[in-house]
Structures are given as structure tokens and as C-alpha cells.
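Going down the list, the protein sequences come from chains S and H. Just so we're aligned, residue 1 is where the first sequence starts under our numbering, counting upward by one. Just so we're aligned, residue 1 is where the second sequence starts under our numbering, counting upward by one. We put the beta carbon where it would ideally sit given N, CA and C, even for glycine.
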Amino acid sequence: MNSFSYARPSDISMAVGELVTHEGAKFIAGGTNLLDLMKENVEQPNRLVDINRLELSAIEDIEDGGLRLGALLTNADTAYHPVVESRYPLLSRAILAGASAQLRNMATNGGNLFQRTRCYYFYDLATPCNKREPGSGCGALNGYNRIHAILGTSDQQPETTCIATHPSDLCVALSALDAVVRVTGPKGERTIPFADFHRLPGDEPWRDNTIQSGELVTAIDLPAKGFSDYYAYIKIRDRQSYAFALVSVAVGLEIEDNRITDARIALGGVAHKPWRKPEAEAMLVGQMLSEANFLSVAEALLAGAKGYGHNTFKIELAKRAIVRALKQAAKLEPAS
Amino acid sequence: MTPYIGKPINRVDGVAKVTGKAKYAAEYKAADLAHGWVISSSIAKGKVTRIDAEAALQLPGVIQVFSHENRPSLAWFDMSYKDQDAPPGSPFRPLRDATVKYSGQPVALVVAETLELARYAASLIRIEYEEEEHETALEHNLHRAREPKSGVATLLKPPPPKPRGDFEKDFRAAAVQVSGTYVHSAEHHNPMEMFATTVVYEKNNKLTIYDKTQGAPNSQLYVSQVFGIPFKDVRVISPYVGGGFGAGLRPQYQLFLAVLAARELKRSIRVSLTRQQMFTFGHRPACVQQVSLGASAEGKLEAIRHDAVGETSQFEDYTEIVVNWAGMLYPAQNVTLTYNLVPLDVYTPIDMRAPGGVTGLSALECAIDELAYKAGLDPVEFRLKNYTERDMNEDLPYSSKELRECFRQGAERFGWANRTPEPRSMRNGHTLVGWGMATGIWESMHMPARAEAVLTVNGKLRVSSATADIGTGTYTIMTQIAADTLGMPIEDVIFRLGDTDMPLAPIQGGSWTAATVGSAVKVACEDLGKKLFKMAQKMKQSPFADVKLDEIVFENAHIRLKADPSVAVSLLDIVGTNGGRAVSETSTSLPNMLEQRKYARAVHSAVFVEVEVDEDFGTVRVTRAVTAVAGGRILNPKTARSQIIGGMVWGISKGLEEESVMDHQFGRFMNHSLAEYHVPVNADIQDLDVIFVEETDTIVNPLGVKGLGEIGIVGMPAAIANAVFHATGKRIRSLPITLDKLL
Ligand SMILES: Cc1cc2nc3c(=O)[nH]c(=O)nc-3n(C[C@H](O)[C@H](O)[C@H](O)COP(=O)(O)OP(=O)(O)OC[C@H]3O[C@@H](n4cnc5c(N)ncnc54)[C@H](O)[C@@H]3O)c2cc1C
Ligand code: SF4
Chain S
1 MNSFSYARPS DISMAVGELV THEGAKFIAG GTNLLDLMKE NVEQPNRLVD INRLELSAIE
61 DIEDGGLRLG ALLTNADTAY HPVVESRYPL LSRAILAGAS AQLRNMATNG GNLFQRTRCY
121 YFYDLATPCN KREPGSGCGA LNGYNRIHAI LGTSDQQPET TCIATHPSDL CVALSALDAV
181 VRVTGPKGER TIPFADFHRL PGDEPWRDNT IQSGELVTAI DLPAKGFSDY YAYIKIRDRQ
241 SYAFALVSVA VGLEIEDNRI TDARIALGGV AHKPWRKPEA EAMLVGQMLS EANFLSVAEA
301 LLAGAKGYGH NTFKIELAKR AIVRALKQAA KLEPAS
Chain H
1 MTPYIGKPIN RVDGVAKVTG KAKYAAEYKA ADLAHGWVIS SSIAKGKVTR IDAEAALQLP
61 GVIQVFSHEN RPSLAWFDMS YKDQDAPPGS PFRPLRDATV KYSGQPVALV VAETLELARY
121 AASLIRIEYE EEEHETALEH NLHRAREPKS GVATLLKPPP PKPRGDFEKD FRAAAVQVSG
181 TYVHSAEHHN PMEMFATTVV YEKNNKLTIY DKTQGAPNSQ LYVSQVFGIP FKDVRVISPY
241 VGGGFGAGLR PQYQLFLAVL AARELKRSIR VSLTRQQMFT FGHRPACVQQ VSLGASAEGK
301 LEAIRHDAVG ETSQFEDYTE IVVNWAGMLY PAQNVTLTYN LVPLDVYTPI DMRAPGGVTG
361 LSALECAIDE LAYKAGLDPV EFRLKNYTER DMNEDLPYSS KELRECFRQG AERFGWANRT
421 PEPRSMRNGH TLVGWGMATG IWESMHMPAR AEAVLTVNGK LRVSSATADI GTGTYTIMTQ
481 IAADTLGMPI EDVIFRLGDT DMPLAPIQGG SWTAATVGSA VKVACEDLGK KLFKMAQKMK
541 QSPFADVKLD EIVFENAHIR LKADPSVAVS LLDIVGTNGG RAVSETSTSL PNMLEQRKYA
601 RAVHSAVFVE VEVDEDFGTV RVTRAVTAVA GGRILNPKTA RSQIIGGMVW GISKGLEEES
661 VMDHQFGRFM NHSLAEYHVP VNADIQDLDV IFVEETDTIV NPLGVKGLGE IGIVGMPAAI
721 ANAVFHATGK RIRSLPITLD KLL
């Protein structure tokens, strides 16, 4: 861990200003990810800008019937909020499938978006990693890649290869819900559709998302449609709790007269960002609730998937998880 | 009469532990304390060619950077570096030279005024290496397997017995046969407390060392020999250990580094390892096993072959008992057991809970299940049919063996009779339910030990021995034994341990502490009792003047006449005649070898497990488990049960979750954090039940106890694998059984 200075601004513009005036400064919220990364010297910010004094913990209704989640609201307070529980139960379930009670009490919604990959090599300075040290190579490609991606990877050029996943559960649900991220930066405010917030590694695997330097996430907006009648979140992991997803699936359906009128499917644990494929989802619209239909959507979602040895099992696992989640969401079988 | 032994007495150290009063090695302070930070090698094999510490040394508050370049000259011979648990070979010497022998090896120690500074300074140090090709994959190097070298350590870990009968011939002719290869990777102990040492540099140049260890005398021996310091100038103290599981059986490198720095700088030093560094020393070795069994059509086991190949380092031959168990559990006539090693570029493995036992039984008991299926017999019935009252390796009878009763009571509690034997026959929606069982065995050992018993002037009994309590309950059961032996109320008894100023005891391992130190405590208290009785006889108008020792009892802090309990003298009055001084006695307990060697001595168990497997996802949960243990006399059912439950939880861990994954590109364990090195969380643990079966043993040791530290884990992984087979029809021979293996 390096030495760093510390600031605790009391309003948003001061917070943003801190990052503008101090190159190498970073925001800190719950600290559950950043401090670990600092202890391992993966990140070495020279200044920590503690944003916990900012008033960003509200949860409030917005126009169009949506809901705004403050960036500093904790994961626990979000998941157990009665409005979230009733209107966005998918989000609740996804959050509660993540981390542990202690972590969820500290972790903030804003911080969760920025949590970094759990790739073993990313965390270990003795090994190469393009994400941590651009151009150094990817230790995981031919190494222990059990938790790694099968979709949207970058594996052609040694110096830009990255097969890491985004490890969040919360983000998988936000992706399915078409959330919108609100940010304030040196150039003012803007909104980012969730699908554009995280990125695939491409030829810049060191960039996890599309945020610009100095930008602060202030809130996450949920559109009115919450899929509270037909939804499912399935998380498959190596133990019952306190483990990241090998594969997770968030499903939201709208159903009328036994036919699907709208469908959202987001996958976690399989790519550098929550994985959506609108064409695949569209296949379900107008269809009956049948296992055969669900299976073809699963195939479509996984089209082009590629295993790297230790993680090849995820391809089949993901398909099965999608089918199960769709059946649960459609109430063809009870939630697990 | 024993008011305390056999009762579920609460842990006497419980309150201190949960209120933070119990202090661990890294929590001791000293006025001049400096802090060390270890730098670990990033390569698995080669040489350090350059250490650039300039930037670090320029930071105000950084005191020194130690490496092979400035290490003072120390003991020359390997002999001096051998601790009590050193396997044959040449022990690793930290900072000895530029050679790197394994990934994570300590290559430098930064010492600074604060921990934070030492840690930051360490990040500024640039180390260059010249890499050589390494070999870390056991399975790719099986052709290099060879017999282990023998040495002192082999006394406790005998090599496999010579072959009996003719395995080949009998196996070929057997009506029913099974054969399979079983593998598991390395595992690391990961006790909650990190390895740490605080060396207090005393004014007279003596060292007081607070060390995390399973044997303070072992650390003392090591420091004294390596640094050439007389025993009397090194005191090692270790009253509490935040888990050991075997990792503390040998001094770890932070002890060496802390002492080195303290002596060079002539000030107090603390060195504590990080969680990542907890993966840079001994571990349970990866192992590849081959088991072949042959039985008659009626299910009589006739031929056994069990071959194991374990990994070790390039410098020491660590061994464990993996294959001998077959000959102890089953009466087959044609038995071949072999055990070999492959040296790799890793650190020397070290005992980890039930070393070898859980490894060997995880394969053997799985193969037995498979054989029972092939023979068309229920797994319990098969084991009863192949029961032995003798250890066939040594051809000796067991001093006691109530395993039959374990099968009976365990099966009954579990409801085994309701099992439908057909795989996949117990389903509930997507959930496949499976019931499996296995046998467990572990040797009951008894070592020499010493203890001191003191009756203080205010009538309290103070007993001590330089043993350890790694969470097993030693403090509590020793207090119970002392209280009962001298007839004292338990509140007036205090037992202390973990200090080299106390009488010598062996390192705490192998499940021998209860028997070993318990016997020493008993003898010391008996001897103290005799002394007090003699003093009582000399008191004025003593009612015991003409009474013999066997005519009195020690009861409620008094000596009483058996024939007339109203005739009594209090211990307080007796000690009062000693001129204001306490009365003490130090005694040694030695195993009765002459008698013991006529018998095989072991603790047994039967384990029954229910699993639920999601048929689409391959996820496995252990929903229920019953372990029935024949463990001799149970000193404290509460601590005993905790031991067994802890073992069962670890069995679930080993069966389903736990492994240290080595990336052979780098020769490095990659999942070195508790987020990625999986052990069970609360949600993984459901209904665990323990039965202690009545068992009387007058041979095993004077207390009739058998150690319980290892027996809880040994049978669990096999029982889980067998239940998974019953649930799914799939035989998984590679642990842990992660979901991908069942897809
Ligand atoms: C052992 C373990 C297990 C876990 N398991 C799971 C799991 O199963 N599922 C899951 O989803 N998560 C899991 N997590 C991750 C956890 O959810 C995240 O660490 C947490 O959400 C991060 O939030 P934080 O507030 O603590 O972020 P911090 O650690 O404070 O910050 C993380 C990053 O976000 C930036 N940041 C924070 N807030 C803002 C903001 N408002 N605007 C701009 N930048 C910001 C910081 O600069 C920093 O770079 C686990 C974590 C641990 C340690
Ligand atoms: S997968 Fe990505 S994060 Fe992991 S080692 Fe490769 S480049 Fe680094």
C-alpha cells in the first residue's frame, strides 16, 4: 500500500473538483473493493476522495414511474427497501445473491458498478495482466481460467488479450432492467444507458467502463417496467454464499394469455460486462411458454461462446441456467 | 468419582477468546518495536540477480532491508535447522543465498518503524531474477516417483508394510473387481490467525519470543540451534493459537526472519505474514492414488492394492501415511501397498489435519463402496462382512474397537434402512438425493510428556505443561483432569500452557495431546497428592498417621478417610504447614510401551451423509450427516463434539470446495485469498450429528482416551463422494467435487 492523502468533500462539485486538480486521485465509497486493491498494490491512488459525506443516499420516485437509487445507498438498504422489494424484486434478489451480509452493508450501489474483475492474475503482481499492466500479457488465457469469460473476449493479440468477467450480481439485474446511470463530471451532468456503461475488453482491456476521468456517479435510474410479476435471478457458484457467480441469469418477462409480450435476459459471470442480446430476447416475444422455446433462446444467447479450458463448462451451464430461469420466471416451476 | 471428567464443561478460555482478552503472537507490544514486511519471490525457480532497495532505504523510518546479500553468517550444518518435525532432507534456510526454490519464497525482509511504512517500502524494492525452468505438476511427473528417504520422522510415519499374499494372482481371479485413479490438489491450512512472531529484545540480550506455533519448545529449539543462542536465553511463549491444523508443527519462516532482524538491530521486531503469504509454506501435498480391489462373488474382500504418489519439495522428503489404512481396516489376504514421492519446485508439504489418513481413505472408502455395489451388497453390510478385529499390517489385536457399534448406531440415527440402493432413485424435482457412507480410522498415539502441579499457599491448584491449545480444548480438559485427580473444585484449578519455562511437552499434533499431556497432568497431580498426603501424616495429631494411601480419597479440596468421610484434612491446612511456600511436583508420563506394543490402537468412526445434487447444474449440498465415533473415554462431550463437527465441516470442504490451484505456467498457487480459496460458509453447513459410542480401553493410555482431532474428517470426503454416486450414478474420483465434474 502506498502513502496517500485524504479529502472528504461535502458537495458534488468539490468532489469532482478534487479529481480534476489531483491526478491519480480516486473516489472511495464503501471501500470494500478499493482497499483490497490498494493493499495488493493493484491500485495506488495518491489521494482518496471520500464521498460518504455527499447526499447521495436517497431512494425516490422519478417521472415516468421509475425509481432513482442514490449512488451512496448501500447494497443492503437497496435490496431491503420495500419499494424495491415490491416493484423491482429482481434487483433485490440479485443483490442478496451477492457477497455477504457484512459486505452488502458497506458496499454502495455506485461502488458496485466499478468493482473490478476477480481474475486471480489481475490481483497478483507477480503475474502478467493486460488489465493491470497494459501490454504485459494475459496470465489467465493459458492458465487457471475457471471464473473467466466465454463471450465477448479479446484473445487475438497477446498485448490486448483479456478474458476477464465483470463479477457483479447487481449489475446483471440493472442490465436486464435497462437502468440508466447518472453522472456528474467536470463538464456537467450526463446519463449513460446501462448497456453502454460497461464495455468489452476490445483492444483496451484496461478500461472497464465508459466513464470519463473525474466523473462521479450520482444515481442509478430504474425505468417504470420492473417485471415484478414474472422474474427470476439464478446464481450458480462454488458454494452456497459468499462466492462470485460462475454463471448468473436475470430474467424479466411480461406475459399475457400464456404468451410472452416482453422479455429481458441478462447473463453474469460470462463476459466483461453483463451480457444481453436483444435479438435473442426478441425471439421470445409472441411465443408460448415452452421449454423448447427457452432452449432456442439459450442457444442464441450463447452463440459464439468460447471456452478456454477450465471455464469451458460454463457454456453448457449457462444454457441450462437460462432455461431454468425462464421457467421460473414464467412460473412453470417454483423459484429456487 | 469424577465430578468433571466426562461432563460438558464450557471452555475455560472461552470468555477470554470472545472478549479479545486472549492475546495472539502479533498482539504483544514492546517499547522499541519495529515492524518487518516480507517480500516473496515472484518466480518458482532460479536466482535473485539484483535487489534494488535504494528507494526504500531512503524513506525516513525505514531501518534496514535484509536479504541474502547482508544476512549474517549463521549455523552451517543442516542438522541445526532441523526442528522436531523436520522430514529427512535439508531444511529450507530463509535468505541463505540467491537461489529461489519455489514461488513465494521469502527473498527479503524490510524493517521499518511502522507496519505501513515497511509495507510501502517493500513495494518500492525492485528485484531482478534469472529464471530457470520449474516443475510443479505432479501428474506430469509421475514417472519420476521414487521411494521416500527415511529418517527420524519415519518413526512416527512408518512406510507401508511388505506385500502379503499374491495380489496380482488373486485380483485377476476375483469374481468382482474395481480399479480407479484418485486425485486431489494441494490444500493450505489457512487458520484464521496469520503466522506471526513478536521478538522482544530484552535488556540482557535475551529474547522473549511470542510465536504462532503448535509447540513453543520446537520454536525454542530451532532458534537456539540456528542462531547459536543458549536455551536459557530464548523463551518462547504461545498461550493462544488462532488455529493451526498442522501448519504450526514446524517453525515458519517469519520466526527466523524476526529473530534475525532483532539480533542484527538489537531491538524488538514483529513480523506477520499476509493471507497471500499463508500460501507460501507447507501444505497438504497433491496426491495421485490408484486403488484396485478384488472380492469373491459373496463379497469377501480378498485382494487390495493401494498405490499413492505424493508431491514433496526438492529439498526434503515429506511423507504421510496414505496407504497403510487398508491393511488396518480390512482382513484381505493379498495386499500390496506402496507409497512414493515426486520432488517438485514447491515448498515442503506439512501435516494438515488427518495427514495421509483423509487422503488415503478418500480413495479407499470410495473404492470399497464401488466394490460393494458390484457385489450387490449394501455398503454397511459389505463392511460388516469384511470386519477385522486385528490390524493385519502388524498382525496385532486392537486394544479396543467398537466400529460395529458405530455402524449400527450411525445407521439407525441416520435412517439408513430406508435407503433405496439404486443410483438416482431418490429424487425430488430437479434435486437428486443421495445417501452414502464410509469408515474412518486414525491411530491413537501416546507420547512422553511432563507437567508440573503446584498447590499454592492459598489453596489453588496450578498445573502447567509446555503444550499448545490450537482450539482443540486442551485448556479445558486438562483443567478437568487436574481437578478430578486432586479432588478440587474446578474454579480453583488453573491450567497454563505454551511457555518454554514450563515442563516439556511434544508439539501438538496427531491427536495425541489429550492422551499425552492428559496422562502427564494426571501423574503430576497424583504425585502432588502423595506429597500432600505425606505432609498431612506429619501434621500434629494427624488422623492419617497410620493410614495408607489407598485408604484415603481426595475430595472437595480435602483428604478424606474412605471408611469415614468425616475424618478429613483440608489441602489448604496441609500447604499451611509448608512454611508459607507452595507445594509442587513435576512428573513425567511415559507410555507403557511394553504393554502397548502388543496391541494396535486406533479410533474408528462410521460416517453417513445425505447430499442433494441439482441435476442440471451439478451443485452439491450436504444436507445431513451423522458421524458415530468409537473414541475411548470422552473427557468432555462438548469439546469432543466440537472437534468432530469441525472435522466434518472440513470434510465437506475437502469433499466439495477446497483446493489450492497451481498455475504451472508460473509454478504458483493462484487462488491465494479467502475470497477464492473456498471453505464452507454457514449456508453450506446443514444438519450435523455426532454420536460417541461406548468404548472402554485400558491399554491405550492411563486415561483410556483416544484423540479426536482427526477422526472427524477422515471418512467425510469418501462418504460425500459415495452419496454423490448414489444421487447421480457418477463416480467422481477427483476432489473437490465441483459442479463442473457433474455436468
Ligand atoms: C469477498 C468479496 C465478495 C464479494 N462478492 C460479491 C458478489 O458475489 N456479487 C457482487 O455483486 N459483488 C460482490 N462483491 C463486491 C462488492 O459488491 C463491491 O466490492 C462493492 O459493491 C463495491 O462498493 P464500495 O462502495 O465498497 O466501492 P469502493 O471499494 O469504495 O469503490 C470501488 C470503486 O468504485 C469507485 N467509486 C465508488 N463510488 C463511486 C461513485 N459514486 N462514482 C464514481 N466512482 C465511484 C471507486 O473510486 C473505486 O474505484 C464482493 C466483494 C468482496 C470483497
Ligand atoms: S483475463 Fe484480463 S484481467 Fe485476467 S490476466 Fe488476462 S488481462 Fe488480466
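Assignment of alpha helix (DSSP H) within the segment 510 to 585 of chain H, counting only whole runs of 4 or more residues, yields 513 to 537, 571 to 576 in chain order. Distances from the CB of residue 31/S to the heavy atoms of ligand 1 include at least one below 7 Å.
Using a Cβ-Cβ cut-off of 8 Å, residue 169/S does not count as an interface residue toward chain H, since no Cβ of chain H sits closer than that to its own. Under a criterion of Cβ atoms nearer than 8 Å, no residue of chain S is adjacent to residue 58/H; the nearest Cβ is some 14 Å distant. Around the beta-carbon of residue 668/H, 16 or more other beta-carbon atoms lie within 10 Å, marking it buried. Counting C-beta atoms within 10 angstroms of its own C-beta, residue 21/H has fewer than 16 neighbours from the protein chains shown and is therefore classed as exposed. Counting only the Cα atoms, residue 203/H lies some 9 Å from residue 267/H. Between residue 67/H and residue 108/H, the C-beta gap is smaller than 8 Å, which places the two residues in contact.
At least one heavy atom of ligand 1 falls within 7 Å of the beta-carbon of residue 217/S. In terms of side-chain proximity, the C-beta atom of residue 69/S is found no nearer than 7 Å to any non-hydrogen atom of ligand 1. In the displayed model, residue 17/S falls within a helix according to three-state DSSP.
In this structure, the C-beta of residue 148/S approaches ligand 2 to less than 7 Å from one of its heavy atoms. A residue is called buried once 16 or more other Cβ atoms fall within 10 Å of its Cβ, and residue 60/H, having fewer, is exposed. At least one beta carbon of chain H lies nearer than 8 Å to the beta carbon of residue 317/S. Residue ranges of uninterrupted beta strand (DSSP E) with 3 or more members, entirely inside the segment 226 to 289 of chain H and ordered along the chain, are 234 to 237, 269 to 272. Approximately 17 Å separates the beta-carbon atoms of residue 241/H and residue 258/H; this is outside 8 Å, ruling out the contact.
At a cut-off of 8 Å, the C-beta of residue 132/S has no neighbouring C-beta in chain H.
The DSSP assignment places 602 to 614, 620 to 630 as complete runs of the beta strand (DSSP E) inside the segment 598 to 684 of chain H, in order along the chain (cut-off: 3 residues). Only those residues of the segment 599 to 629 of chain H whose C-beta falls short of 9 Å from the nearest C-beta of chain S are listed: 614, 616, 617, 618, 619, 621. In this chain, residue 287/S is not harboured by any beta strand (DSSP E), its DSSP state being neither H nor E. Close to residue 1/S, with beta-carbon spacing below 8 Å, are these residues of chain H in chain order: 116, 119, 120, 123. Interface residue (Cβ-Cβ distance to chain S less than 8 Å): residue 689/H is not classified as such. For residue 141/S, the Cβ falls inside the 7 Å cut-off from some heavy atom of ligand 2.
Residue state for residue 369/H is assigned as helix, using DSSP reduced to three classes. If you compare the alpha carbons of 674/H, 87/H, 102/H, 170/H with that of residue 242/S, the shortest gap goes to 674/H. By the neighbour-count definition (other C-beta atoms within 10 Å, threshold 16), residue 672/H is a buried residue. With respect to the C-alpha of residue 651/H, the residue from 640/H, 688/H, 637/H having the closest C-alpha is 688/H. Relative to ligand 1, even the nearest heavy atom lies 7 Å or more away from the CB of residue 194/S.
Residues of chain S with a Cβ closer than 7 Å to the Cβ of residue 671/H are, in chain order, 120. With a threshold of 16 other beta carbon atoms within 10 Å, residue 179/H falls short and is exposed. Inter-residue distance for residue 307/H and residue 95/S is about 48 Å (C-alpha atoms, whole angstroms).
At a threshold of 7 Å, residue 675/H counts as near ligand 1, since its beta carbon sits closer than that to one of the ligand's heavy atoms. The C-beta distance from residue 145/S to residue 311/S rounds to 5 Å, short enough to meet the 8 Å contact threshold.
C-alpha of residue 12/S to C-alpha of residue 102/S: approximately 27 Å in a straight line. Non-local beta-carbon contacts of residue 218/S in its own chain, meaning distances under 7 Å to residues more than five positions away in sequence, involve 12, 56, 71, 182, 183, 184 in chain order. For residue 127/S, at least one C-beta of chain H is nearer than 8 Å to its own C-beta.
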